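Quick mapping for you: the protein sequence lines, in order, are chains A and B.
With our numbering applied, the first sequence corresponds to residues 1 to 343, in that order.
With our numbering applied, the second sequence corresponds to residues 1 to 343, in that order.
In this text, a Cβ means the ideal position worked out from N, Cα and C, and glycines have one as well.
The model shown is predicted, which means the values in this text are computed figures rather than measured ones.
Report on the structure given below.
Protein chains: 2
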Amino acid sequence: MGAGTASLRDVAELAGVSITTVSHVLNDVPGKRIAAKTRQRVRSAAAQLEYRPNKLAQGLRSQRSYSLGFVSDLVATTPYAVRMVLGAQEAAANLGYLLFLVTSGGDQDLEAQQLRALLDRQVDGLLYASMFHRVVEPPALLEAAPVVLLNARCADGRYSSVLPDETGGAWAAVEELARQGHKRIGFLHNELDIPARSLRMRGYQEALAAHGIDFDPELVWCGEDAPGGYAAARELLDRPECPTALFCFTDRMAMGAYQAAQELGLRIPHDLSIVGFDDQEVVSAGLRPGLTTMALPHYEMGRWAVTELMKRIDAGSDVPPTHALLDCPLVHRESVAAPREAR
Amino acid sequence: MGAGTASLRDVAELAGVSITTVSHVLNDVPGKRIAAKTRQRVRSAAAQLEYRPNKLAQGLRSQRSYSLGFVSDLVATTPYAVRMVLGAQEAAANLGYLLFLVTSGGDQDLEAQQLRALLDRQVDGLLYASMFHRVVEPPALLEAAPVVLLNARCADGRYSSVLPDETGGAWAAVEELARQGHKRIGFLHNELDIPARSLRMRGYQEALAAHGIDFDPELVWCGEDAPGGYAAARELLDRPECPTALFCFTDRMAMGAYQAAQELGLRIPHDLSIVGFDDQEVVSAGLRPGLTTMALPHYEMGRWAVTELMKRIDAGSDVPPTHALLDCPLVHRESVAAPREAR
Numbered sequence: 001m002g003a004g005t006a007s008l009r010d011v012a013e014l015a016g017v018s019i020t021t022v023s024h025v026l027n028d029v030p031g032k033r034i035a036a037k038t039r040q041r042v043r044s045a046a047a048q049l050e051y052r053p054n055k056l057a058q059g060l061r062s063q064r065s066y067s068l069g070f071v072s073d074l075v076a077t078t079p080y081a082v083r084m085v086l087g088a089q090e091a092a093a094n095l096g097y098l099l100f101l102v103t104s105g106g107d108q109d110l111e112a113q114q115l116r117a118l119l120d121r122q123v124d125g126l127l128y129a130s131m132f133h134r135v136v137e138p139p140a141l142l143e144a145a146p147v148v149l150l151n152a153r154c155a156d157g158r159y160s161s162v163l164p165d166e167t168g169g170a171w172a173a174v175e176e177l178a179r180q181g182h183k184r185i186g187f188l189h190n191e192l193d194i195p196a197r198s199l200r201m202r203g204y205q206e207a208l209a210a211h212g213i214d215f216d217p218e219l220v221w222c223g224e225d226a227p228g229g230y231a232a233a234r235e236l237l238d239r240p241e242c243p244t245a246l247f248c249f250t251d252r253m254a255m256g257a258y259q260a261a262q263e264l265g266l267r268i269p270h271d272l273s274i275v276g277f278d279d280q281e282v283v284s285a286g287l288r289p290g291l292t293t294m295a296l297p298h299y300e301m302g303r304w305a306v307t308e309l310m311k312r313i314d315a316g317s318d319v320p321p322t323h324a325l326l327d328c329p330l331v332h333r334e335s336v337a338a339p340r341e342a343r
Numbered sequence: 001m002g003a004g005t006a007s008l009r010d011v012a013e014l015a016g017v018s019i020t021t022v023s024h025v026l027n028d029v030p031g032k033r034i035a036a037k038t039r040q041r042v043r044s045a046a047a048q049l050e051y052r053p054n055k056l057a058q059g060l061r062s063q064r065s066y067s068l069g070f071v072s073d074l075v076a077t078t079p080y081a082v083r084m085v086l087g088a089q090e091a092a093a094n095l096g097y098l099l100f101l102v103t104s105g106g107d108q109d110l111e112a113q114q115l116r117a118l119l120d121r122q123v124d125g126l127l128y129a130s131m132f133h134r135v136v137e138p139p140a141l142l143e144a145a146p147v148v149l150l151n152a153r154c155a156d157g158r159y160s161s162v163l164p165d166e167t168g169g170a171w172a173a174v175e176e177l178a179r180q181g182h183k184r185i186g187f188l189h190n191e192l193d194i195p196a197r198s199l200r201m202r203g204y205q206e207a208l209a210a211h212g213i214d215f216d217p218e219l220v221w222c223g224e225d226a227p228g229g230y231a232a233a234r235e236l237l238d239r240p241e242c243p244t245a246l247f248c249f250t251d252r253m254a255m256g257a258y259q260a261a262q263e264l265g266l267r268i269p270h271d272l273s274i275v276g277f278d279d280q281e282v283v284s285a286g287l288r289p290g291l292t293t294m295a296l297p298h299y300e301m302g303r304w305a306v307t308e309l310m311k312r313i314d315a316g317s318d319v320p321p322t323h324a325l326l327d328c329p330l331v332h333r334e335s336v337a338a339p340r341e342a343r
């Protein structure tokens, strides 16, 4: 008999007691008078047969399935965000919960179908995750279970949410450059209308202001991914009064900036300092020299979301929602130095 | 009342019939004489209340939980392999199944604990996945349910398995270079003792032989990731009789080869052709020029594994295992051209 396939009846037969007695002993049902010796015999038999209770049946009794749904939009296209899944999954496992993973690809009908499938399986709660920081319109089906938004928030703040501190991250990136003495700090900015766009712009401007540097819109250029970063960096670096440092919206854009610097004969960090965002390690650790960048706290966000979801499962829906911003820590590598004029 | 929270009793009350009648109608129980009008009334009431059957209770009756376990070792460290999860999840969703995702991080005790948790929830089958192609020793607990190995195989071939065709992929990569006229094709090889190491070496040697090129061990150099690829490429390219083309074990190593070529003033593909492996897009599409590389069929492998698992769930354990090798297709970008001497 394979591990985990013994039934209550098998345990009862081996222990020489009734199925009811086995059930009472193994479920610690209070108020039952069963001799210590009998209890011992039942437990030994269960251990010997590697008896595992049927959690489906247990779920029906306790009204808990000990499972959570992790509903995400686009897990495949931003693979580094799998650390959110991992953080959530490890936090859930520590509490005896398992995670159902479903991905809608952004299709609302498919999402509704998947949410119904999760609710059919009586998940105890839902993590509603976006693979990049978004403001979402939560589907009506979310009302059927406790919910935490992960890397997302809703406009009315009805659901608890956890997000990276985009403004703080951008602030720290620019601060790292300014405190080395850089005054002309370019920003390779994102062109998509996503929350991180304005939030990181605010961090960039506030850090400049804190160092008495005037904001110069001429030093901001938009693009996307490595090719966009390359084109934006060429645009800024070809000028006579070119920046001595670049803050890049993503590590991928920084990869393009490295390519532009190389073509122009600018050495990093001697002639040009660069700070990225994401700490997408295949890029940030793979570039030469290694890229100093801001890490996204995806793993920690996944953990936070499960902890918050558990609170809401235990306490019910009366608890007011919590909105968390987690730090984006600076990861030091070799792409930042003082500007030549400051040496 | 939220969607999906109505009970059988609610439907019965609204339809004005007994709970038993509702159950017979909604479950299409054969041999019950119920008037068409009554059936209609029950279905309307169920639709109006958005009644969803309790799948936990259904699972107890049908002996199916309509859930699968996806057990993986290291999902976080090779994020591009999430496409296996996605392929499996989409194939499962098409069949009305959901996927539990657990990750052991390679810890055997944790893995056993997670397998027990999945078996407790009566998963109908298990996908046992490795994030890179491995020969695994399947844990004993796998015997308790139908199993398919994903990106892995076991030494005795007991379980069905699906793997990328590493030899065919390496063959096609070298073929792409040889048919352009390259004769001195270096191989930036992996130093870890994993199955892909010898399988790709075989493909490299067989493709050379097919073009009448002698295998020269001096043209093979080992390393890992971008820094290892950089060092290996410097080693091969600094020689007087340096290769005109490089086949790289990973896109990350190819990224290092680009850095070495740049330092040596070699233009890609004019002076040096490069083919990678993985099609890790952040690298392959981010490099300048774009990297021609072999794609790993992770998504298709995930789908194949679920289809095979379903066959085994439906047919029982008597069906002999199947072992599939899926093609690694060539992804053309701009890093390959004819060698200068052949122009």
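When the Cα atoms are used, what is the spatial distance from Met310 (chain A) to Glu111 (chain A)?
-> Here the C-alpha atom of Met310 (chain A) lies approximately 23 Å from the C-alpha atom of Glu111 (chain A).
Do you know offhand how far Leu98 (chain A)'s Cα is from Arg83 (chain A)'s?
-> 16 Å
Residues from the segment 275-290 of chain A in contact with chain B, defined by Cβ distance under 7 Å | Gln280, Val282, Val283, Gly286 and Arg288
Cross-chain neighbours of Leu101 (chain A) in chain B, by beta carbon under 9 Å | Phe70, Val85, Gln89, Leu98, Leu99, Phe100 and Leu101
Given that Gln48 (chain A) touches chain B, what residues does it touch there, using C-beta distances under 9 Å?
-> The contacting residues do not exist; Gln48 (chain A) stays about 16 Å from chain B at best.
Asn27 (chain A) by DSSP, collapsed to three states: which one?
-> In the structure shown, Asn27 (chain A) sits in coil (DSSP, three-state: anything other than H, G, I, E or B).
Of the residues A:Pro329, A:Pro227, A:Ala337 and A:Thr38, which one's Cα is nearest the Cα of Ser18 (chain A)?
-> A:Thr38
Report the neighbours of Leu118 (chain A) on chain B: residues whose CB is nearer than 9 Å to its CB, in chain order.
-> Leu98
For the segment 295-321 of chain A, which residues have a beta carbon sitting closer than 9 Å to at least one beta carbon of chain B?
-> Tyr299
What three-state label does DSSP hand Leu272 (chain B) in the structure shown?
-> coil
Please confirm if Arg267 (chain A) has its CB atom under 8 Å from at least one CB of chain B.
-> no
Test item: CB-CB of Pro164 (chain B) and His133 (chain B) under 8 Å = yes
Which value, in whole angstroms, describes the spacing of the CA atoms of Leu142 (chain B) and Leu149 (chain B)?
-> 10 Å
Quick one: what's got a C-beta closer than 8 Å to Gln48 (chain B)'s C-beta in the same chain, skipping five residues either side?
-> Leu14
Quick one, are the C-beta atoms of His344 (chain A) and Ser67 (chain A) less than 8 Å apart?
-> Outside the shown range of chain A, which is 1 to 343, sits residue 344 (chain A), and nothing can be said about it.
Hey, could you find the ends of the alpha helix (DSSP H) Pro164 (chain A) is sitting in?
-> Per DSSP, Pro164 (chain A) belongs to no alpha helix (DSSP H); it is in the beta strand (DSSP E), Ser160 to Pro164.
Between the Cα of Ala260 (chain A) and the Cα atoms of A:Asp238, A:Asp216, A:Tyr230 and A:Arg267, which residue gives the shortest distance?
-> A:Tyr230
Test item: CB-CB of Ser65 (chain B) and Val123 (chain B) under 8 Å | yes
May I ask you to report which of helix, strand or coil DSSP gives His133 (chain B)?
-> strand
Nearest-angstrom beta carbon gap, Asp278 (chain A) and Thr250 (chain A) [assumed within contact, 8 Å] = 5 Å
Tell me, please, whether the segment 168-180 of chain B touches the segment 202-209 of chain B by the rule of three or more beta-carbon pairs shorter than 8 Å.
-> yes
Would you say Met255 (chain B) faces chain A, with C-beta separation under 8 Å as the test?
-> Closer than 8 Å: yes.
List the residues of chain A whose Cβ lies closer than 8 Å to the Cβ of Val148 (chain B), in chain order.
-> Those within 8 Å of Val148 (chain B) in chain A number zero; the least Cβ separation is about 17 Å.
Starting from Leu14 (chain A) and walking both ways along the beta strand (DSSP E), at which residues does that stretch end?
-> Careful: Leu14 (chain A) lies outside any beta strand (DSSP E), inside the alpha helix (DSSP H) at Leu8 to Ala15.
Could you tell me which chain B residues have their CB closer than 8 Å to the CB of Tyr51 (chain A), listed as they occur along the chain?
-> Result: empty, since nearest Cβ-Cβ is about 11 Å, beyond 8 Å.
So with Cβ pairs under 8 Å, would you call Glu331 (chain A) a contact of chain B?
-> Position check: residue 331 (chain A) holds Val in this sequence, whereas Glu was assumed. Not an interface residue.
Distance between Glu166 (chain A) and Leu101 (chain B) (C-alpha atoms, nearest Å) = 29 Å
Contacting positions in the segment 153-175 of chain A - beta carbon closer than 9 Å to chain B | Hits within the stretch: zero.
Just the C-alpha distance for Val22 (chain B) and Val283 (chain A), rounded to the nearest angstrom, thanks.
-> Computed Cα separation, rounded: 59 Å.
Which chain A residues are close to Tyr128 (chain B), counting only those with a beta carbon under 7 Å from its beta carbon?
-> Neighbours of Tyr128 (chain B) on chain A: none; closest Cβ ~15 Å, over 7 Å.
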